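Here is the structure we will look at.
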Amino acid sequence: MANESKQTEKSRAAAAKAAMPKRALDWTLRVWRPAGTLVAVGLALLVTWHVVNGKHGVSVWQQKRAEDLQLRKSIQDLEQENARLRQHVERLKSDPDAIEHEAREKLHYAKPGEVIYKLPSVAQTQAQPASAK
Numbered sequence: 007m008a009n010e011s012k013q014t015e016k017s018r019a020a021a022a023k024a025a026m027p028k029r030a031l032d033w034t035l036r037v038w039r040p041a042g043t044l045v046a047v048g049l050a051l052l053v054t055w056h057v058v059n060g061k062h063g064v065s066v067w068q069q070k071r072a073e074d075l076q077l078r079k080s081i082q083d084l085e086q087e088n089a090r091l092r093q094h095v096e097r098l099k100s101d102p103d104a105i106e107h108e109a110r111e112k113l114h115y116a117k118p119g120e121v122i123y124k125l126p127s128v129a130q131t132q133a134q135p136a137s138a139k
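In terms of the numbering used here, the sequence shown opens at residue 7 and continues consecutively.
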């Protein structure tokens, strides 16, 4: 009987040793699969955040796009202003009436015998009654 009990204990110990790796494997599968899934989801969220808000992300791209549109409009306005000024310069080079108009308006020149009267501007006439109150 002592032999039988020793063998029974040995077989139980061997069965426990064999069951230990199976339990460890079961525990590993139960814990590591969800943990791996959580890590994968966390990494996916981190990459998504970086794509949207990162140094070269979508939000920065949208800001640069708006800035580009604004600069294009500014360039177009400046090109139109340049064309208008070129046209004005060409008129001043060739049109005597334009030269005379410019001399009278900007330089306050007058023909012999003319008298120039300078009237106050509209802004000054509106400002005077406001200050009198």
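Virtual Cβ for every residue (Gly too), placed ideally from N, Cα, C.
Predicted model only: the values in this text are computed from it and were never measured.
Residue 116: not part of any alpha helix (DSSP H); DSSP gives it neither H nor E. Looking only at 118, 119, 123, the smallest Cα-Cα distance to residue 111 is reached by 123. A straight-line Cα-Cα distance of about 41 Å links residue 45 and residue 75.
For the pair residue 57 and residue 48, the CB atoms are not nearer than the 7 Å cut-off.
For residue 74, the uninterrupted alpha helix (DSSP H) segment begins and ends at 64 to 100.
Within its own chain, the residues whose Cβ lies closer than 7 Å to the Cβ of residue 59, once the five positions on either side in sequence are excluded, are 65, listed in chain order.
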